[in-house]
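**Student:** The structure under discussion is supplied below as structure tokens; questions concerning it will follow.
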Amino acid sequence: MSMAQHSTALRGYAARHFRWQAGGDGKVATITLDRPEKKNPLTFDSYAELRDLFRCLVYASDVKAVVIAGAGGNFCSGGDVHEIIAPLTRMSMPELLAFTRMTGDLVLAMRHCPQPIVAAVDGICAGAGAMVALASDIRYGTPRAKTAFLFTRVGLAGCDMGACTLLPRTIGQGRATELLLTGRAMTAEEGAAWGFFNRIAAPEAVLAEAQAMARALAEGPTFAHGMTKKLLHQEWAMDLDAAIEAEAQAQAICMQTNDFHRAYEAFVEKRKPVFEGN
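FYI, the numbering for the sequence shown is 375 to 652, going by this note's numbering.
Below is the structure:
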């Protein structure tokens, strides 16, 4: 499929292992993990489909922002015990490494897709589900959200799917160390105070508020948003000199966009700019 074909392919995308909705103008897409009877666990297939979807979003110029949520009052309980953990106990080392690399690839695909990702986290948010929330760019929680990095609870290291890189940068080294070593649940109050959650909303309102944030981002200068997300990711590995130079180049590129000129013209004419993402 060509890049031009990719640019509109996701408008009518039919997901097999979760719900995908890009209604109206298609600018804001909502992914809903939809196995509420089990608190929306992930399976081998749903991991792979989510990874592939976020990879495709690099080329989906029609989608400007993404919301990810869970059905039935919970976000995601992590890997399904019977459909993932049980088979893992019978796999060979090469098979296990292929699986752990695939789960890490989901996080990489989320971090590399240019669209801002807003997570609406209600109820249980555990294990791989906590990593999906952490890999999102903005997180809205509810008072009943319980976020746990459960890997030690099943005899594994806390360093899974990039947790030892992403979590300390989000909530601090000491707090991250405690959560990753103990596997205890972080409360919504802690999550808000520590910077994991950007906002706490009522359970019945959290999805709508996350979608409203995504809509506001989608109406902004989306090419520039993608540049911001890229530099937020890349600058982890840079010293200050390299970071300032990278930002100088990024901003010079953005100054060539039509959105930059639209903003100036709107300012001169004393009206709100209408951005088009180019």
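C-beta: ideal position from N, C-alpha, C; glycine also.
1) May I ask which residues mark the beginning and end of the beta strand (DSSP E) holding isoleucine 491?
2) Near glutamate 583, what residues of its chain come up, given a Cβ to Cβ distance below 8 Å and the 5 sequence neighbours on each side ignored?
3) For valine 402, name the three-state secondary structure that DSSP assigns.
4) So what does DSSP say about methionine 560, is it helix, strand or coil?
5) Report the option in Pro490, Tyr433 and Ile442 whose CA atom is closest to the CA atom of leucine 384.
6) What are the boundary residues of the beta strand (DSSP E) that arginine 393 is part of?
7) What is the DSSP secondary structure of arginine 485, reduced to helix, strand or coil?
8) When DSSP builds the beta bridges, which residues end up paired with tyrosine 514?
9) Per the DSSP calculation, glycine 453 is bridged to which residue(s)?
10) Tell me which residue opens and which closes the alpha helix (DSSP H) that phenylalanine 622 is part of.
11) Give me, in chain order, the residues of the same chain whose beta-carbon lies closer than 6 Å to that of aspartate 454; leave out the 5 immediate sequence neighbours on both sides.
12) Closer than 7 Å by C-beta to glutamate 643: which residues in its own chain qualify, once you throw out the five before and the five after it? Chain order, please.
13) Helix, strand or coil, according to DSSP, for alanine 522 in the structure here?
14) I'd like to know whether the C-beta atoms of valine 437 and glutamine 489 end up nearer to each other than 8 Å.
15) Can you tell me whether cysteine 499 is helix, strand or coil according to DSSP?
16) Indicate the three-state DSSP secondary structure (helix, strand or coil) for leucine 384 in the structure shown.
17) Give me the Cα-Cα distance between methionine 560 and glutamate 650, rounded to the nearest whole angstrom.
18) Select from Met476, Arg636, Glu578 and Ala616 the residue whose C-alpha is nearest the C-alpha of alanine 502.
19) Compare the beta carbon distance of phenylalanine 523 and glycine 532 with 8 Å and say whether it is the shorter of the two.
20) Where does the unbroken beta strand (DSSP E) through isoleucine 545 begin, and where does it stop?
**Tutor:** Taking the structure as given:
1) In the DSSP assignment, isoleucine 491 falls within the beta strand (DSSP E) that extends over 491-495.
2) Same-chain partners within the cutoff: Ala494, Tyr514, Arg573 and Ala575.
3) For valine 402, the secondary structure class from DSSP, reduced to helix, strand or coil, is strand.
4) Strand at methionine 560.
5) Leucine 384 has its Cα closest to that of Tyr433, out of Pro490, Tyr433 and Ile442.
6) Its beta strand (DSSP E) spans residues 393-395.
7) Here DSSP, grouped into helix, strand and coil, assigns arginine 485 to helix.
8) Within the DSSP bridge table, the entry for tyrosine 514 names Ala494 and Arg573 as partners.
9) Looking at the DSSP output, glycine 453 shares a beta bridge with Leu416.
10) Sequence inspection shows alanine at residue 622; the phenylalanine mentioned does not correspond to that position. Per DSSP, alanine 622 belongs to the alpha helix (DSSP H) from 614-628.
11) Excluding sequence neighbours, aspartate 454 sits near Pro415 and Thr417.
12) Counting only Cβ-Cβ distances below 7 Å, and skipping sequence neighbours, we find nothing.
13) Looking at alanine 522 - three-state DSSP - the assignment turns out to be strand.
14) Contact flag set, yes.
15) Look at cysteine 499 here: in three-state DSSP terms it is strand.
16) Here leucine 384 sits in coil by DSSP.
17) One C-alpha to the other measures close to 39 Å.
18) Measuring C-alpha to C-alpha distances from alanine 502 to each of Met476, Arg636, Glu578 and Ala616 identifies Met476 as the nearest.
19) Against a cut-off of 8 Å, the Cβ pair of glycine 532 and phenylalanine 523 comes out as a contact.
20) Where isoleucine 545 is concerned, there is no enclosing beta strand (DSSP E), although the alpha helix (DSSP H) it sits in stretches over 537-545.
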